[in-house]
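For what it's worth, the numbering used here labels the leading residue of the sequence shown as 133, then goes sequentially.
Take a look at the structure below.
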Amino acid sequence: MDNGRDKQKWRLSLLAAAVLLTVIAYFFFSSGFHFDKAWSQDELDAGVAPSVKLDFGHGPVAHPDPGSRPNDASINLQPGEHIYREAKTIELEWNVTKAVVRPDGVAKEVFLVNGAFPGPTIECRQGDELKIVVRNELSNSSDELAIHWHGMNVSNDMDGVAGISQCGIMPGRNFTYRFNMSNFGTYWWYGDQRSEGLFGALIVHEPASSDSEGDADHEFEQLLMVGDWYHQPAQHILKEYHAFGVEPSPDSMLINGQGYFACSMALPDRPVDCEDTKTPYLSIAGPTRLRIVNTGTLTGISITVSGFSMTLLEVEGGQAVDRVLSTRLGILDPGERVDVLLERLEESTSGWMTITLDREHLDFPNLALTAEQQFPIAIPLDSDRLSASEEPSPKAEATHVSWIDLATINASTTPAEALPEAADQTFVLYTNITQSEEDEYRPRGSFNDTSWTPALTRTPLIALPTSAWPIDPAPLIVYVQQDQWIDLIIHNDDRVGHSFHLHGQSFYVLNVRQQNDNRVEKSLGLRRSSKKDTIHVPSEAYAVLRFKAENGGLWLLQSSILLHQAIGLNMLIEVQPVDESQWVALRGHAEAQCREQS
């Protein structure tokens, strides 16, 4: 026992020494303090404007004037090609390979889909069917693939979770994902390798009548995928996390797969192959629906615009929310999505977007990181749209606020389905990340003191009899009946906030509150509860989520932070189908798919 304590003290001393040396180096070699404008949870809860606080890292990099035309990172969407047509089947073929690219000037091997990073943006309309053949053309036998469709309520065999609902797609093999677009909204897709580039957006447009053709709300849309970015491979980052017990801070940030990294700031102990690049910019001519996705692996983001305003429209799966207008928005955690209407405040030819990585998980200093970056917004050179003089189509009036707090948004409409006053079943979950001598002081994520461990076999759980499921250690599994209403009360006992994603079902957020006493208030108003699939639970707080278990199968409730997934912060919800034949069919699909991959 004494040796264990000595080992723990040694680890803590080493970490403290590393932090101290980093701080000393920071003061001696940096050009000045970095004042991070990320918003703390205290500031958000208090409803005040963000304060300026000291953070580790260097200050914002001076970016060129947009007139110099650096790399255009804009991804224009084409709603007009989808919202007026009839529903159809869209067939795609994806070939997954690897190559070295320089998203922000630093060379890194990433996953490519059809030769592109990020992967393809899928655009379709509600009612369409997608049929996507994914071919694994990787050479390493350990590079298995599975694609998850974040936020889509697909059948269990299409969920894309290796080890649970399918076998991984082996090199030289393929698998066809096929599902219907039952809901409209902003979604995205990714594999387990999303920190190494295997991700993209899935945009499902809401159909419109031909009478509305030409409506400005339907004409101009863009996609903005924002996320933190590591220069080292995922396994290297995970080893650092295990060694020090603190999440390694990212090295950079990307917008739509492009970024800017100051090569001169690279650290000697983290050498990189770096080439100076031009700062990416956004090309926006007039009022534009901006669909924002946090594709990062660790940190939340905040966005500030100058020369523009942002009006909140929808969150995640097309949930309409109260329209509020501001120049600041946050915090959007990994996996979360939000749609805003971006409009110019005055006649000008340029503006700026400032993106800040939230500091909640940036405890381990990284002096190479520019946690706050500015990106120019410019009118395209060939555009004849004058946004300041345009008259947008009639829409609900927006309330002006100092900042758009995404943690307190309310639905603007009554849910299509009436929420019951009480759920059929309630499950209370306690989540935490701990370190113990038993685990050699490696961080361990848990739900109700159970931690998810990698499977010892490739066969997915759904294809195994329950008698063959792991029992030592056993993951947390809760069992519910199909079509019942379920309440999940998630208590976050950790010192930092956590974000969670539920597969296969969307939930209503009934409440999110601090754990000030032993009481749990389930609802602040059933009629205004927003519908989501990803939720941030602040430190020492709880969230009450209600959903109808309509989708039979095995579904993950997991951290949306990849490092926390890797240390076991996951659990299962088994929705037992009313019709036993559905369960037999799901098991049969998984068995057949695994035979094809063997």
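Ideal placement from N, C-alpha and C gives every residue a C-beta, glycine not left out.
Buried or exposed: which applies to residue i, given that a residue is buried once 16 or more other Cβ atoms fall within 10 Å of its Cβ?
i    : result
H532 : exposed
A278 : buried
P196 : Low local confidence applies: a pLDDT of 41 at P196 is under 50, so the model's placement there is unreliable, and no value is given.
E446 : buried
H368 : exposed
I433 : buried
I565 : buried
P403 : exposed
D405 : exposed
V641 : buried
G317 : buried
K220 : exposed
E492 : buried
G189 : Since pLDDT at G189 reaches only 45, below the 50 mark, its modelled position is unreliable, and no value is offered.
W601 : exposed
K371 : exposed
W715 : buried
G462 : buried
V358 : buried
S691 : buried
I541 : buried
G720 : exposed
I215 : buried
V676 : buried
A231 : exposed
Y611 : exposed
V710 : exposed
E276 : buried
D408 : exposed
L430 : buried
T427 : buried
Could you give the C-beta distance for residue i and residue j, rounded to a whole number, given that I count them as a contact under 8 Å?
i    : j    : result
P605 : S638 : Contact doesn't hold; Cβ gap of about 30 Å is too wide.
G629 : H668 : 6 Å
E723 : A595 : 5 Å
Q708 : Q613 : 6 Å
A452 : T545 : 5 Å
R423 : E353 : 7 Å
A550 : W617 : In fact, because the Cβ distance is near 11 Å, the residues do not count as touching under 8 Å.
Y373 : P365 : Not really, about 13 Å apart at Cβ, beyond 8 Å.
I301 : C256 : No, I301 and C256 are not in contact; Cβ-Cβ is about 22 Å, not under 8 Å.
W361 : D236 : 7 Å
Y674 : H623 : 5 Å
For residue i, which residues does DSSP report across the bridge?
i    : result
A543 : V453
P410 : For the record, residue 410 in the displayed sequence is Lys; it is not Pro. DSSP output for K410 lists no bridge partner at all.
V425 : M357, R469
E446 : A452, D471
E706 : Y611, L686
G391 : According to DSSP, G391 bridges with nothing at all.
W484 : S438, P508
D733 : Nothing can be reported for residue 733: it is not among the residues displayed for the chain, which extend from 133 to 730.
E255 : I335
A673 : N624, Q646
K663 : Y640
F679 : I618
L694 : In DSSP, L694 forms no bridge with anything.
N268 : V228
N208 : Q354
S415 : A510
I279 : Bridge partners of I279: none, in fact.
R261 : According to the sequence provided, residue 261 is Glu. The question's Arg does not apply to it. Answer is T221, N312, bridged to E261.
- prompt: Can you list the beta strand (DSSP E) stretches of 3 or more residues lying completely in the stretch 545-583, in chain order?
  reply: Runs found: 557-566, 576-579.
Contained beta strand (DSSP E) runs [length at least 3] in the stretch 582-635, N- to C-terminal order: 609-613, 617-624, 630-634
query: Taking only runs of the alpha helix (DSSP H) that begin and end inside the stretch 281-358, which ones reach a length of at least 4 residues, in chain order?
result: 348-351
task: At 4 residues or longer, and completely inside the stretch 224-251: list those alpha helix (DSSP H) runs for me, N to C.
output: none
Contact the stretch 374-392 vs the stretch 493-505: 3+ CB pairs below 8 Å: yes
query: Quick check: the stretch 481-492 against the stretch 425-443, are there 3 or more CB pairs under 8 Å?
result: yes
message: Pairs of beta-carbons, one from the stretch 448-460 and one from the stretch 506-513, closer than 8 Å: are there three or more?
response: no
message: Using a Cβ distance threshold of 8 Å, determine whether the stretch 668-688 contacts the stretch 257-264, with at least three qualifying pairs required.
response: Touching, no.
task: For the stretch 563-580 and the stretch 700-713, state whether three or more C-beta atom pairs, one from each stretch, are separated by less than 8 Å.
output: Segment contact: the stretch 563-580 against the stretch 700-713, three or more CB-CB distances shorter than 8 Å; contact assigned.
task: Evaluate the contact criterion for the stretch 406-420 versus the stretch 330-343: three or more CB pairs, one atom per stretch, below 8 Å.
output: no
task: Check whether the stretch 315-330 touches the stretch 270-288, taking contact to mean three or more Cβ pairs, one atom from each stretch, closer than 8 Å.
output: yes
task: Could you tell me whether the stretch 324-335 touches the stretch 238-251, where touching means 3 or more Cβ pairs closer than 8 Å?
output: yes
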